[in-house]
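Let me begin by presenting the structure, written as structure tokens, before commenting on it.
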DNA sequence: GTTTTTTTGCAAATCATTTGCATTTGAAAA
DNA sequence: TTTTCAAATGCAAATGATTTGCAAAAAAAC
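Residue numbers (the numbering used here), protein chains in the order written: chain U, 1 to 136; chain S, 137 to 272.
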């Protein structure tokens with residue numbers, strides 16, 4: 001509940017590039033691409049190279065601060081803070097809606113019991129038609 | 137319940153390449169890569185080009201006969217018949233276990249109610265440590 | 001401030017996937 | 001069946017997202 005506190009993981013240096021990437025990820029409402037971050041920062045007048053973005057996203061994902069995912073019919077990765085990990089995608093207009101109060105948690109126990117896995121994470125992607133597109 | 141019946145979607149021709157790709161997908165126990173299919177067929181003595189595999193996987197996915205997904209820390213797509221769409225991945229050994237009786241169905245209604253989406257599909261990926269790796 | 005180590009930017013390299021095109025093949029029509 | 005023609009294949013070349021090498025710039029340590 002409340003704001004997600006951003007931080008640079010221990011052992012890594014604080015740089016303006018790193019901080020600005022986190023800032024973009026924080027204000028994003030759904031998973032975004034490296035290119036998207038690049039553009040966004042360009043708009044903010046922040047000059048950064050794409051490779052720096054990729055290197056940081058890799059690091060952040062390894063450290064568990066971000067989650068990487070792919071969307072249907074897309075060839076590029078998207079990244080988001082973990083709380084935006086589960087989402088609905090409209091097949092018509094592409095709208096993305098975050099699922100909060102993820103239903104999955106209720107099934108965790110069941111999965112643990114059935115398969116014996118010690119579960120550390122999950123990612124859910126749901127496709128469908130959004131209310132607006134249904135009307136058309 | 138029972139065997140999944142393979143078929144080439146209406147409007148497409150029956151070719152030995154197409155049939156052999158479906159055969160490999162059927163006997164696969166979890167999502168596999170295009171390269172994997174290529175190797176598998178090579179073993180079977182079937183000569184096929186990678187682009188043919190990619191073209192067919194694209195078609196099969198568009199027609200809904202296969203599902204495309206990406207695994208954590210992997211840069212290549214995997215394909216599977218829809219019944220192998222939801223799976224558990226062991227972060228240590230990489231073992232993949234299919235989730236059948238997908239828990240998601242129970243939440244479909246809730247999601248429909250909350251977001252108003254007309255849901256057409258979903259994909260769930262769960263990470264954890266398998267029972268064997270837990271013992272180590 | 002100086003040193004040491006990490007991070008960045010740039011350009012070049014990778015690598016999975018896609019595409020153009022000539023050739024082959026399936027299947028509909030004769 | 002044979003003919004006919006669009007669809008499918010193979011190959012090589014193109015693409016495009018992501019990665020990497022390396023020298024220069026910037027943090028944090030000294």
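Note that CB positions come from ideal geometry on N, CA and C, so glycine has one too.
In terms of CA proximity to residue 253 of chain S, U:132 leads the group U:132, U:109, U:84. Following the DSSP letters along the chain, one finds residue 256 of chain S inside the beta strand (DSSP E) bounded by residues 254-265. Ranking S:224, S:183, S:191 by CA distance to the CA of residue 167 of chain S puts S:224 first. Within chain U, the residues 91, 127, 128, 129 have their CB atoms less than 8 Å from the CB of residue 256 of chain S, given in chain order. Under the Cβ criterion (8 Å, minimum of three pairs), the stretch 40-49 of chain U does not count as touching the stretch 220-238 of chain S. Bridge partners of residue 226 of chain S according to DSSP: S:264. Following the DSSP letters along the chain, one finds residue 30 of chain U in no alpha helix (DSSP H), marked with neither H nor E. Rounded to whole angstroms, residue 185 of chain S and residue 246 of chain S show a C-alpha spacing of 45 Å. By the rule that beta-carbons nearer than 8 Å mark a contact, residue 111 of chain U touches chain S. When beta bridges are read from the DSSP output, residue 77 of chain U appears opposite U:70. With respect to chain U, the C-beta atom of residue 168 of chain S has no partner C-beta closer than 8 Å. In this structure residue 25 of chain U is not in contact with residue 70 of chain U, their Cβ atoms being roughly 17 Å apart against a cut-off of 8 Å. For residue 144 of chain S, DSSP records no beta bridge to any residue. Sequence-distant partners of residue 212 of chain S (beyond 5 residues in either direction) whose C-beta falls short of 6 Å from its own C-beta, in its chain, are 169.
Between residue 160 of chain S and chain U, the shortest Cβ-Cβ separation is not below 8 Å. DSSP, reduced to helix, strand and coil, places residue 98 of chain U within a strand of the structure shown.
A direct Cα-Cα distance of roughly 11 Å separates residue 27 of chain U from residue 6 of chain U. For residue 259 of chain S, the chain U residues whose C-beta falls within less than 7 Å of its own C-beta are 125, listed in chain order. DSSP places residue 61 of chain U within a helical segment (H, G or I) once states are collapsed to three. Its chain contains no residue whose beta carbon lies nearer than 8 Å to that of residue 115 of chain U once the 5 sequence neighbours on both sides are disregarded. The residues 8, in chain order, have a CB closer than 6 Å to that of residue 14 of chain U in the same chain once the five nearest residues on each side in sequence are set aside.
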